[in-house]
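Novice:
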Amino acid sequence: TKFQTESKAQLALAVTSAVGADLNDAINVPATVPLAEDVPLLEKMTPDQVNEAVQSKLQPEEISVLLLMCSYSLLEKVRDPLSDEELDAYQQRVMQHPVNWLLTSSALLIKCKVESKRNKTKDRAVFQLEVLYNEYETADATDSERLPYVFCAPWPTRQEIRKLMGDSYLSIGMAKSAQTVYESLGMWSMAVSCLRLAGEDKEALELANRKLSESRDPDLLISMAHITNDE
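Counting in the numbering used here, the sequence shown runs from 1 upward without gaps.
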């Protein structure tokens, strides 16, 4: 933490490039959202000694492999704090020297998924997801910077990131913001649930009825039963 006065053991990923890496540092990458001032955590681990295996540059292909390993780990149904600490170590190693817009964006997305589960960082995860989503429209990166490694980076579609935003809004109690997101994606049962969480049962019932008149969606029927207490 910021107030730490003595060194503590931390998990770090030690990996060096197999071929060496002399890469250009002048690249366009998404902005990293800082932690709020009242959060006592440090942005990243600061080692006591320089370790080449922890701090050296890696080739983009090597970074892709590390990111894919993170993505595979996120698929595990049973997760624990140690699993997330391991993902932190991978993500920090990848972000040590950003080399490409898409790979950096993928690393930040993995970071969001981990931080969204922690009370002290879930707010930052929401803001970072907004930055990543807006990159589809406002990024300074050119197509030539975006397209390399597109087939070997765990980067989702725009709609998938939008859905993650809705989930993150919901996790911090922003039910109305989440409702707007889910409606834009056509996820009507989730939008109805958000209205109920916001205490707007009448609006939730109207939305459910309107959409059920268009399609007999089973999820909406369940939502309707919850609103009307009809078993």
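The beta carbon of each residue, even a glycine, is placed where N, CA and C say it ideally should be. Bear in mind the structure is a predicted one, so any value in this text is a computation, not a measurement.
1) Roughly how many angstroms lie between the CA atoms of Leu212 and Asp84, to the nearest whole one?
2) Lys120 and Val39 - do their beta-carbons sit closer together than 7 Å?
3) State the start and end residues of the unbroken alpha helix (DSSP H) segment that holds Pro218.
4) So, at 7 Å on beta carbons, what are the nonlocal neighbours of Val181 in its own chain, with the 5 sequence-adjacent residues on each side left out?
5) If we count Cβ pairs, one from each stretch, closer than 8 Å, do we get three or more for the stretch 7-17 versus the stretch 58-67?
6) Reducing DSSP to helix, strand and coil, say where Gly173 ends up.
7) With DSSP as the reference, label Lys211 as helix, strand or coil.
8) Spatial neighbours of Leu11 within its chain, please: C-beta separation below 8 Å, excluding the five flanking residues on both sides.
9) Taking the alpha carbon of Glu115 as the reference point, which residue from Gln92, Ser223, Ser144 has its own alpha carbon closest?
10) For Leu74, which residues of its own chain have a beta-carbon under 8 Å away from its beta-carbon, when the five flanking residues on both sides are left out?
11) Using the C-alpha atoms, what's the distance from Lys176 back to Arg118?
12) May I ask you to verify whether the stretch 97-104 touches the stretch 148-159, counting CB pairs closer than 8 Å and requiring at least 3?
13) Tell me the DSSP secondary structure of Asp84 in three-state form.
14) Just to confirm, are Met224 and Ala198 a CB contact at a threshold of 7 Å?
Specialist: Taking the definition as stated:
1) Within the sequence shown, residue 212 is the residue found at index 212, counting from 1. Within the sequence shown, residue 84 is the residue found at index 84, counting from 1. Taking the Cα positions, Leu212 is about 40 Å away from Asp84.
2) For the purposes of this step, residue 39 is identified with residue 39 of the sequence shown, where counting begins at 1. For the purposes of this step, residue 120 is identified with residue 120 of the sequence shown, where counting begins at 1. It is a contact, given that the beta carbons lie within the stated cut-off.
3) Your numbering for residue 218 matches position 218 in the sequence shown. Per DSSP, Pro218 belongs to the alpha helix (DSSP H) from 218-228.
4) Along the sequence shown, read from residue 1 onward, the residue named residue 181 stands at position 181. So the list reads Arg162, Met165, Gly166, Tyr169, once near-sequence residues are dropped.
5) Three or more pairs of CB atoms, one per stretch, sit closer than 8 Å, so the stretch 7-17 contacts the stretch 58-67.
6) Your numbering for residue 173 matches position 173 in the sequence shown. Three-state result, Gly173: coil.
7) Reading the sequence shown from its first residue, position 211 is the one you call residue 211. Lys211 falls in the helix class under three-state DSSP.
8) Walking along the sequence shown from the start, residue 11 turns up at place 11. If we look at Leu11 and ignore the five residues flanking it on each side, its Cβ neighbours are Glu85, Glu86, Asp88, Ala89.
9) In the sequence shown, residue 115 corresponds to position 115, counting from 1. Nearest of Gln92, Ser223, Ser144 to Glu115, Cα basis: Gln92.
10) For the purposes of this step, residue 74 is taken as the residue at position 74 of the sequence shown. If the five residues before and after Leu74 are omitted, its C-beta is found closer than 8 Å to the C-beta atoms of Leu87, Ile110, Lys113, all from its own chain and listed in chain order.
11) Taking the first residue of the sequence shown as 1, we reach residue 118 at position 118. Taking the first residue of the sequence shown as 1, we reach residue 176 at position 176. In a straight line, the C-alpha of Arg118 is about 22 Å away from that of Lys176.
12) The stretch 97-104 vs the stretch 148-159: in contact.
13) Position 84 of the sequence shown holds residue 84. Reduced to three states, the DSSP call for Asp84 is helix.
14) In the sequence shown, the residue the question calls residue 224 occupies position 224. In the sequence shown, the residue the question calls residue 198 occupies position 198. No, the Cβ-Cβ distance between Met224 and Ala198 is not below 7 Å.
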